[in-house]
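S.K.:
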Amino acid sequence: MPSSTHNSLLGLTLQELTNLVLESNQPAYRAQQLFDALYRQRTEDLDQISTLPREYRTRLGEQGWGVGMPKITQKFESRDGTVRYLVEMVDGETVETVWMPEGDDGESGDGSEAGDEIESGTAAATWRRATICVSSQVGCAVNCRFCLTALLGVKRNLEAGEIVGQVAAVLREQGVEPPTQRVNLVFMGMGEPFLNYENFMKAVRLLVEGVGIPESRMTVSTAGIVPRIHDFGRESVRPKLAISLNGSNDELRSAVMPLNRKWNLRDLMKAAREFPLRTRERLTFEYVLLAGVNDAPDQAREVAELVRGVRAKINLIALNPGPELPYRTPEQERVFEFQRILVASGIPAFIRRPRGRDIFAACGQLKRTVEVGPAEQGEPRG
Ligand code: SAH
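Sequential numbering of the sequence shown, starting at 0, is according to numbering that gives the first Met the number 0.
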């Protein structure tokens, strides 16, 4: 285990907290008090956990424990309301977490959200909904050719507490309290969640049990780590699954996602077909459209063929460009045509609207903060 967060309480389960308090001969109910303070109240400082006796707080501090809440060190606000946060971990490493009010990137119209009915009456009138895009690793080891995070390489995995901590820090900053206020999570920030599987799954459970965000409002996206897709299907508590497809045949997919040489479309689609979906649940395939590479009508038909028989929808994303990327964004009409072909083949297809492009917060663009100074970043670009 990396030493960076060895003394962070954030990330410990109720059972782990119980062991901790019992070691200090404290009553077991102190664990629940800690758990609530960490996840429900999202307290930043041990000293503020007033339910614990002062002596015990001091004792924990002396033992080297702290909350371990990540710090928001920079933020960039887009004209569309999207806010991109640079979040710093205890060891100084940073990742990005994106707040998207009203936002599920264009998925709102598809009516598949299981949680929709829960809204009636209560706080929904004043609060609509927001989506937080969460990172799972510092950098990424998967070498997708169209993604800016890939250019960073992978620095390290995030601990469970650092994944939960991004959500906690952003909720604090925004003054938002789930479940009263509706928050969706997408694990689509920096990194490949399924290459940090155990920490990611532990974070999910803490977000459900501690923070109170239902699993039905969470989606994880994988580049296609096939063995982990099988594992994920066996989890009793799990988000919805999205798979980044991005190519309509092996040759094409291997060119844009070299990991396809390890887990090809046959393996990937087999895993997708076997994936145990819950009632009313659908898989999502994400498809980044690259002009002149994978956006032709024939390729749309190939995608339709691939996906046939899977209870799935397809989210189309026109490439969010970056200066270092060897691809261009297709024309709008091309994107619409691709969508029309899929829909005509009976496959629900949606176009994801880019969020926060002016602040480089859009999918695959998250690396920019690290490289470009804040002044330059904060300026809307025309
Ligand atoms: N590693 C995971 C999650 C992070 S990427 C995965 O690969 O799915 C989240 C989504 O953003 C993926 O669907 C990915 O294909 C897409 N993406 C990456 N770079 C992009 C870019 N430059 N433009 C548009 N979408 C991009």
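Every residue gets a Cβ at the ideal spot worked out from N, C-alpha and C, and that includes glycine.
Can you tell me whether DSSP reads G209 as helix, strand or coil?
M.R.: Three-state DSSP puts G209 in a helix.
S.K.: Using a Cβ distance threshold of 8 Å, determine whether the stretch 222-234 contacts the stretch 166-182, with at least three qualifying pairs required.
M.R.: No, they do not touch.
S.K.: F75 to V82, Cα distance in whole Å?
M.R.: Cα to Cα, the separation comes out at about 6 Å.
S.K.: Among residues of its own chain, excluding the 5 on either side of N293, which ones have a beta-carbon nearer than 6 Å to its beta-carbon?
M.R.: The answer, listed in chain order, is G246 and L251.
S.K.: If you count every other CB in all the chains shown that lies within 10 Å of the CB of A299, and 16 or more means buried, which is it?
M.R.: Counting Cβ neighbours within 10 Å, A299 comes out buried, since at least 16 surround it.
S.K.: Sort S253, E301, A311 and R260 by Cα distance to T278 and report the nearest one.
M.R.: Nearest C-alpha to T278: A311.
S.K.: Between E95 and S215, what straight-line distance do the alpha-carbon atoms span, to the nearest angstrom?
M.R.: Answer to the nearest angstrom: the Cα atoms are 23 Å apart.
S.K.: Do the stretch 154-165 and the stretch 203-214 meet, that is, are 3 or more Cβ pairs less than 8 Å apart?
M.R.: Segments in contact, yes.
S.K.: Which residue or residues does DSSP assign as beta-bridge partners of A241?
M.R.: A241 is bridged to S220 and T283.
S.K.: Does the Cβ of F187 lie closer than 7 Å to at least one heavy atom of the ligand SAH?
M.R.: Phe is not the amino acid found at residue 187; the sequence shown has Met there. Yes, Cβ of M187 sits closer than 7 Å to a heavy atom of the ligand SAH.
S.K.: In whole angstroms, what separates the C-alpha of G377 from that of V137?
M.R.: With a pLDDT of only 39 at G377, under the threshold of 50, the placement of this residue in the model should not be trusted; the figure read from the coordinates follows. Their Cα atoms are separated by approximately 22 Å.
S.K.: What do you reckon, are the CB atoms on L288 and I316 nearer than 8 Å?
M.R.: The answer is yes: Cβ separation under 8 Å.
S.K.: So which of F337, R155, P178 and L59 has the shortest CA-CA distance to A295?
M.R.: Ranking F337, R155, P178 and L59 by Cα distance to A295 puts F337 first.
S.K.: Once you ignore the five residues that flank S77 on each side, which residues in its own chain have a CB closer than 8 Å to its CB?
M.R.: Cβ neighbours of S77 beyond the five flanking positions: R83, R354, G355, R356, D357, I358, A360 and P379.
S.K.: If we ignore side chains and look at the alpha-carbon of each, how far apart do D104 and T50 end up?
M.R.: With a pLDDT of 41 at D104, under the threshold of 50, the modelled position of this residue cannot be trusted; read the value that follows with caution. Cα-Cα distance, rounded: 40 Å.
S.K.: If V153 sits next to F186, beta carbons under 8 Å apart, how far is it from one beta carbon to the other, in whole angstroms?
M.R.: Not really, about 16 Å apart at Cβ, beyond 8 Å.
S.K.: For L59 and A36, I'd like the C-alpha separation in whole angstroms.
M.R.: Straight-line Cα distance between these residues: approximately 14 Å.
S.K.: Quick one: which unbroken alpha helix (DSSP H) runs of 4-plus residues sit fully inside the stretch 120-202? Chain order, please.
M.R.: Counting whole runs of 4 or more residues, the stretch 120-202 contains the alpha helix (DSSP H) stretches 159-173.
S.K.: Please report the straight-line C-alpha distance between R351 and S134, rounded to a whole angstrom.
M.R.: C-alpha separation (whole angstroms): 19 Å.
S.K.: Taking the C-alpha atoms as reference points, what is the distance between L8 and V20?
M.R.: Whole-angstrom Cα-Cα distance: 12 Å.
S.K.: Report yes or no: do three or more beta-carbon pairs, one from the stretch 189-205 and one from the stretch 139-151, lie closer than 8 Å?
M.R.: Touching, yes.
S.K.: Just list the beta strand (DSSP E) runs in the stretch 294-360, keeping only unbroken ones of 3 residues or longer that don't cross its boundaries, in chain order.
M.R.: Whole beta strand (DSSP E) segments, 3+ residues: 311-317 and 348-350.
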